Structures are given as C-alpha cells and as structure tokens.
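Going by full-length UniProt numbering, the sequence shown opens with residue 1, and the numbers climb by one from there.
All remarks here apply to the structure that follows.
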Amino acid sequence: ITARAQGFEKDFYPEDMDRSRGLRKDGLYWLTRPQVDNILAMNLRRLTGLEQEKILSDFRTRVDELMDYLDILAKPERVTAIIGEELEAIGNEFGDERRSTIDLLGDPSFNQRDLIPRRDMVVTISKGGFIKMQELADYAAQGRGGKGRNVQSMTKDDEVEHLFVANTHDILLCFSSMGRIFALDVFDLPEGKSSARGRPIVNLLSLDEGERITFTQPITEFAEKGDDSQIVILATANGYVKRTPLSAYRNARPGTGLRAMTLVEGDSLVSVSVTDGSGDLFVVSSAGRALRFPQSSVRVMGRTAKGVRSMRLPAGARVLNCTPITDESAKILVATENGYGKRVELSEFTPHGRGTMGQMLIRCSARNGAVAAAELVGETEDVIMLCNRGRMIRTRIAEIGVYGRGAHGVRLFRLDDELLVSMRIVPPSDDAEIEHLEIEEPEDEDEVLEDDVDDLDETEALEDEADDAEETEDDSAE
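Following this line, the structure appears as structure tokens:
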C-alpha cells in the first residue's frame, strides 16, 4: 500500500497529453477533447437504441389497434355493442330528470322573423340575375355631385339594373318579365360586402327559362283575404296601369309564382306601389314629361287584367314610374341618365285626363340624356343613386336645388362613361357630418335657364270605351 501511495505521488502523464488535463492536485479530473467525444458518442448510441425500441413498440401497438378497428367495421354487432356501452356511460355520467316540459297543446307556429334584428338594407339586382344586400348604414351621405362608391362587383358583361331599400322584416314582391309575382322574406336574401357579386336569384325563385325579375317592391305585410283597403298600383313601360287589391297576391311564394298582370310582348312592369286607393297618381316618362290624374279614373281589376292606358308616349319613350300622391307639399326629384337632375314643386303640375301626354318635367338635352328615374320627396330624406357599373352615391335631398319645369338641372352624380339607372329615397343618414367629395360646379351652369315651357298638355284623353274593354280583360278569368 505504501509503495502504491508512493507511486501515485509520481506524475504518470502520457507524452502527448496536455499537463492541464488529467488528475490534478485539487482532486478533479479534467477530460481531454477525445475523451469527451468518446463518452458522448457512447451515450448517443445507447439513446438511439432505446428510441428504436420505442418506435417498434408504438408500431406494434398501432397495428393491433388498426386490426381491431377493421374488425369492428366488419362486424355490425360489435358496432352496436360499442354504441350501447358509450350511451350507457354517458347516461351514468350526465343523466338526470327532465327539467323542461313539452306542451303539446301550445301554439306550434314558429315565426323566424321574430329572431331577426330590424335593419335597413340596400338591395341590388344585376341584369345577369345576381342579387345581394348590404346594410344601408354602411353608406355615408356625400355632397351633391360626388363620385360615390362601389355597391356591387360587376363582370365585364353585367350591369346593375335594380336598386331598392328594404327592412329585414319586410316581404319582397318580385315581378317577372312574364307577368308573374313571387314573394320572399328580405332576411333570406344573401348579404355581402361591396366587393361581392351576390347570389343568382334563380337559386331563390322558381323562374322559368328566359324569365327574369323586372321590378321589386318591399311591403310590410299582406292584407287578409277580402280586405280591399290596400290597393296595388301596377304600371308598365308601355304606359298601362291597373289597380288590384293587395290581398289578391297573398298566396305568392318563392317557389310558386302567381299571375300578377297580363303583359303584351315587349312590355314589362316598371312600377309597383301600395296605396289606400284615394288621391292622384303621378306618372313620369323617359321623355321628360309627367302626368297627374285621379286614381278613381282607373277601376279596381283582378290579378290577370291587362290594365288601361295611363299616359300617351312619344316614339321610343317609356314609363318610368307611377307614384300615388300622398302629400301635396311634396316635390318631384328627377334624375337623368347622365347624372343631372333637380327638384320641382308638385304644385306646378295640374291634374289632367288619363291617356294624355302630360306636362314637361325636365329637358332631355344632349347634356342630360333621357330621364332615368323620378320620385316624390320631402325635405329631410336622403336619396341613393346607382349607375350601371355598380357605383352608388347617397346624398341629402336638401342639397338639391328646386327649379322650374323648364330648367335643365344640376349635376347629381359624377359619371365616367356610365349611366344612372336607378334612384331610391331612404331615411336621413345618422352621420353627424356629410362625407364631402370633389364637386365640380360649371361656370355657366344652365340650371338657371328656365325657358318658356310649352305645356303641350294634350288634354284630349284616349279613353275610348271599346279600347278599355279590350285592355282590362274580363275579371271572370281570374
């Protein structure tokens, strides 16, 4: 032992080993780099071996599970047994006595409308048959003459054709090119952003081949059968008009269209409104003329009646709107296809006989183009206007000047190789301030030019009884 102790006291370093490595006088052993590498390599080999064993074990387990699952799928009795075991386990864990009751004698009716929040929506329909809606609050009011903003994405070959505002609790009446009427809930319409194209309307309505929607009218509810207090005024592009009780259309559904009006080839519905049956009607044509006549001159007819002539039209002109007058203080807001327009006092139009050409409303000059839309308006509403490429502008009506019947009007909507196609009156915007865009005011704006107007009242009425008898069709066909 003494000799061994004496031997340890000597230095036994290999010749190639650094003197700072090995066993030192402080009792610690300092490893060299090759020693460290060898130790680490040995441990990694052992760990790798252990990992291989784990992988093989997991593989065998998964194979066993796979074989068991295949056996379950191959044996229906095992499937039934497993379902029973799982249901029993769920019942043991969560089962308790029923806390609610089923009332078999209660009212089984369920109105989905009660669960829908009330919202005012802007609805657009394109010529290609795509429909969508977007919340009206998304569109802030802009200054008169602005460029507006996009409301619907359009393809190269498609254009926006219809624009209206409806509440999500309204019922939408859709009139087709074949004279049929469909009804669907507004909340069932597809909702999308301004960049969305919408959904094909044929997915919502049972339209025949070649049939398309030519006019839409939202209503709050249908009148009960036999209730004639609400009258529907229907007007066509070729100048026909008729009155029918709203209750006559109460059976209209998305999948079952009803005959709304008999249309001749090439004619289409352009205006539908609901009234109490009293007062006058105001008809506007694309030629810039307007006619006011009493509703009583058009008798109430059945669903399939063709109607009677409302207004005599010059060649190439068409009726745009037929509106019941409910407020004598209202004004007429007229807009042309090139984006110009004005307001005119309703008092400037006196009642005339049905079937005449009416009085001048606005001049259809080269600058203005033909009349695109006209509405009766008050002082506090907003107006939304839509062009054929999907841009829309919302403007305060109070910003639009009031001029005489012979005035040319002012710019309402700045258009770039586009046409104004639709206009609707909406409730005033809640915005504290109007969103102003660049407005161009021509130096010599000719809205102030109010030339002497040749009324051309055309008081000779085309109310031949034989013509009316042919136009109205026997109600017994209903």
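By construction, the Cβ of each residue, glycine as well, lies at the ideal position given by its N, Cα and C atoms.
These figures come from a predicted structure and were not determined experimentally.
For residue 396, count neighbouring Cβ atoms within 10 angstroms of its own Cβ and tell me buried if that reaches 16, exposed if not.
-> buried
Residue 429 classed as buried or exposed, judged by whether at least 16 other C-beta atoms fall within 10 angstroms | buried
Under 8 Å by Cβ, that's how I've got residue 406 and residue 360 pegged, so tell me the actual separation to the nearest angstrom.
-> 7 Å
Beta carbon of residue 370 nearer than 8 Å to that of residue 364 = yes
Work out the CA separation of residue 29 and residue 18 for me, nearest whole Å.
-> 13 Å
For residue 84, which of helix, strand or coil comes out of DSSP?
-> Here residue 84 carries a helix assignment [DSSP, helix/strand/coil].
Whose CA, out of 177, 199 and 287, lies closest to the CA of residue 258?
-> 177
Could you spell out the range, first to last residue, of the beta strand (DSSP E) harbouring residue 343?
-> Residue 343 -> beta strand (DSSP E) spans 340-345.
Sequence-distant residues of its chain with Cβ nearer than 6 Å to residue 250 (five each side left out) = Excluding residues within five positions, the ones whose Cβ falls inside 6 Å are 222.
In angstroms, rounded to a whole number, what distance separates the CA positions of residue 392 and residue 262?
-> 33 Å
Cβ-heavy atom distance, residue 243 to the ligand GDP, below 7 Å | You won't find the ligand GDP in this model; it holds no ligand whatsoever.
State the DSSP-derived secondary structure class of residue 436, mapped to helix, strand or coil.
-> In this prediction, residue 436 scores a pLDDT of 39, lower than 50, which makes its location untrustworthy; the coordinate-derived value is nonetheless stated afterwards. Looking at residue 436 - three-state DSSP - the assignment turns out to be coil, as it is neither helix nor strand.
Determine the burial state of residue 441: buried for a count of at least 16 other Cβ atoms within 10 Å of its Cβ, exposed for fewer.
-> Because the pLDDT at residue 441 is just 41, under 50, the model does not fix this residue reliably, and the point stays unresolved.
What number of angstroms, rounded off, separates the C-alpha of residue 380 from the C-alpha of residue 327?
-> 14 Å
Give the range of the beta strand (DSSP E) segment to which residue 167 is assigned.
-> If you look at residue 167, you'll find it in the beta strand (DSSP E) that goes 160-167.
Extent of the continuous beta strand (DSSP E) run through residue 376 | 371-377
Does the Cβ-Cβ distance between residue 332 and residue 320 come in under 8 Å?
-> no
Within 8 Å, strictly: CB atoms of residue 125 and residue 199 = Contact flag unset, no.
So residue 236 and residue 268 are in contact, right, with Cβ under 8 Å, and what is the actual spacing, rounded?
-> 6 Å
If we count Cβ pairs, one from each stretch, closer than 8 Å, do we get three or more for the stretch 413-422 versus the stretch 333-344?
-> yes
Near residue 79, which residues of its chain fall below 8 Å by C-beta distance, leaving aside the five closest residues on each side in sequence?
-> 72 and 73
Contact under 8 Å by Cβ, residue 282 with residue 292 | Yes, they are a contact pair.
Per-residue DSSP class, three states only, for residue 18 | Reduced to three states, the DSSP call for residue 18 is coil.
Indicate the three-state DSSP secondary structure (helix, strand or coil) for residue 121 in the structure shown.
-> strand
Which residues DSSP lists as bridging residue 181, in chain order | 175 and 258
May I have the straight-line CA-CA distance separating residue 432 from residue 192, to the nearest angstrom?
-> Caution is warranted here: a pLDDT of 40 is assigned to residue 432, below 50, making its placement in the model unreliable, and no coordinate value can be reported.
What do you get for residue 436, buried or exposed, if any count of 16 or more other CB atoms within 10 angstroms of its CB means buried?
-> Confidence at residue 436 is low in this model, with a pLDDT of 39, below 50, so its placement is unreliable and the value that follows should be read with caution. Sixteen is the threshold: since fewer than 16 other Cβ atoms of the shown chains lie within 10 Å of the Cβ of residue 436, the residue is exposed.
Could you tell me which residues DSSP puts in a beta bridge with residue 240?
-> 309
Which word fits residue 31, buried or exposed, when buried means at least 16 other C-beta atoms lie within 10 angstroms of its C-beta?
-> exposed
Beta-carbon separation (whole angstroms), residue 330 vs residue 376, contact threshold 8 Å = So it is a contact: roughly 5 Å between Cβ atoms.
Are there 16 or more other CB atoms within 10 angstroms of the CB of residue 201, so buried, or fewer, so exposed?
-> buried
Return the bridge partner residues of residue 126 from the DSSP annotation.
-> 160
Can you give me the start and stop residues for the beta strand (DSSP E) that residue 331 sits inside?
-> 331-336
Along the chain, where does the beta strand (DSSP E) that runs through residue 394 open and close?
-> From DSSP, the beta strand (DSSP E) with residue 394 extends over 391-396.
Among 271, 92, 275 and 343, nearest to residue 310 - alpha-carbon criterion = 271
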